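Numbering (my numbering), first residue to last: -1 to 237.
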C-alpha cells in the first residue's frame, strides 16, 4: 500500500526541519507500508524552500514541491495530484495533531475501506489543549455547519485527514476553494455524495513557537468560512 503525506507550508522556516524530521522518524518506526512525504510550499518568502530542498536531498522519502501561488488548499491539491497512492494524507505543518493518531487514520482508509478519515477534536476520546475562545468559536462553527448544511461530521476543519483514490479523482475536482476552507469543503462534498467517513480521536495541542508568526487572521478566516458556507448552501439549493 502506498501512502502519500502532504504537508502544506508557507514561511515555516522556524519549524519545518524539526517537524518533518519528527514525522519521518515516526513513519519509519510505526508505518510498515510504502510512504512518501511531500512538502508543498506555497511560494514562501523565507528560507522554507531552502530547508525543504535540503530535506529532499538528504532523505529519499521526502519530496519538495513548489507551488507558485498561495493557498493551503492549492498546496494540498497539488501534492495529492503529483503522485499515485492508495491513501492520501495531509496534516498541518505545526503537527498540532499528535502523530499517535496517524496509524488509525491511515488504517481507516487503507484497511477498513472508509473513503475519508478525519481527526475529530470533538470526539469523546480526544484530548484538546487550546484557548477557551477558540474552543467556543469551533463549537459555533460546528453548529453553523450542522444547521445550515446539515453536516453530520463533527470536526470538518481539523487539519488531519486521509482519503482514498476515489475521493481524489471524484471529489477534489469539485472543490472550488483553494484556501483554508478547502478541507472543510472536502468533508462537506464527501458527505453529500454518500462517501464513507470515519472520525478519529486525537490529541490536539495549539502550538505557539518562538520565531513563527501566525499565518492567518482568525477573524478574516472566520468571515471567509461563513462566506463559503453560504456559497455551498446556495449551490445545494440550486441542485
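We treat Cβ as the ideally placed atom computed from N, Cα and C, and that holds for glycine.
Treat the numbers as computed from the prediction; the structure is a model and nothing was measured.
Per DSSP, reduced to three states, the secondary structure at residue 24 is helical. Annotation: residue 127 to residue 133 spans about 9 Å, alpha carbon to alpha carbon.
The C-beta distance from residue 202 to residue 95 rounds to 5 Å, short enough to fall under 8 Å. Boundaries of the beta strand (DSSP E) harbouring residue 32: 32 to 39, taken from the DSSP string. Around the CB of residue 109, fewer than 16 other CB atoms lie within 10 Å, so the residue is classed as exposed.
Taking residue -1 as the centre and dropping the five residues before and after it, the same chain places the C-beta of 31, 84 and 108 closer than 6 Å to its C-beta, in chain order. Distances from the CA of residue 167 to each of 198, 148, 124 and 188 were compared; the closest alpha carbon is that of 188. The beta carbon of residue 97 lies closer than 6 Å to those of 24 in the same chain, with the five residues before and after it left out. Per DSSP, residue 117 is not a residue of any alpha helix (DSSP H); the beta strand (DSSP E) it occupies stretches across 114 to 118. Counting other Cβ atoms within 10 Å of its Cβ, residue 164 stays below 16 and is therefore classed as exposed.
According to the DSSP secondary-structure assignment, residue 64 is paired through a beta bridge with 39. In the three-state DSSP reduction, residue 4 falls in the strand class (E or B). Collapsing the DSSP output to three states places residue 199 in a strand. Ranked by Cα distance from residue 66, the options 59, 162, 38 and 45 are led by 38. Between residue 1 and residue 33, the CB-CB gap stays under 7 Å.
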